[in-house]
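Here is the structure we will look at, set down as structure tokens.
Residue numbers (UniProt numbering): 1 to 136.
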């Protein structure tokens, strides 16, 4: 079973936008075909983002999305993560790298350019960082 980490932008495509490119990913999640990982910090960031007025999601819908994500993901405690040898310019995104490094071999599916820039370095450590939804 493939171990996968989703950044917040990918989670938005799966749970908020229902992006057609991510339909197969959500189906694989629901069918338990993937081992997906999250941490309290990554969930907190996702919660913060979906609460923004831009998304027009009421409190009930936000809670439903977060509960669905929590039920599908395996939660790894933030304090148990190893520090990745690569640093992201955005400190909020470092947790995704640390989670991936701790959980290697794995796929970090991301649409974040700063994370994607680290793909070659991460590949040397059995961490694939990709924006390709078909990598799953």
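Cβ atoms here follow ideal geometry from the backbone N, Cα and C, with glycine treated the same way.
Looking at the backbone, the Cα of residue 59 and that of residue 67 are separated by about 12 Å. Taking C-beta separations shorter than 7 Å and ignoring five residues to either side along the sequence, the partners of residue 50 in its chain run 16, 57, 62, 65, following chain order.
By the neighbour-count criterion, in which 16 or more other beta carbons inside 10 Å mark a residue as buried, residue 124 falls on the exposed side.
Shown here for residue 25: same chain residues with a beta carbon closer than 7 Å to its own, the five before and five after excluded, namely 14, 133, 136 in chain order. A distance below 8 Å between beta-carbons, with the five flanking residues on each side excluded, links residue 9 to the following residues of its chain, in chain order: 110, 111, 112.
When rounded, the separation of the alpha-carbon atoms in residue 55 and residue 20 is 18 Å.
When DSSP states are grouped into helix, strand and coil, residue 42 belongs to the helix group.
Within the segment 74-123, the beta strand (DSSP E) runs of at least 3 residues that lie entirely inside it are, in chain order, 106-109. Residue 84 is positioned such that its CB atom lies closer than 9 Å to that of residue 127. In chain order, 81, 82 place their CB closer than 6 Å to the CB of residue 102, counting only its own chain and leaving out the 5 sequence neighbours on each side. A straight-line Cα-Cα distance of about 12 Å links residue 131 and residue 4. Rounded to the nearest angstrom, the Cβ distance from residue 73 to residue 36 is 5 Å, consistent with a contact under 8 Å. The beta carbon of residue 116 lies closer than 7 Å to those of 110, 129, 131 in the same chain, with the five residues before and after it left out.
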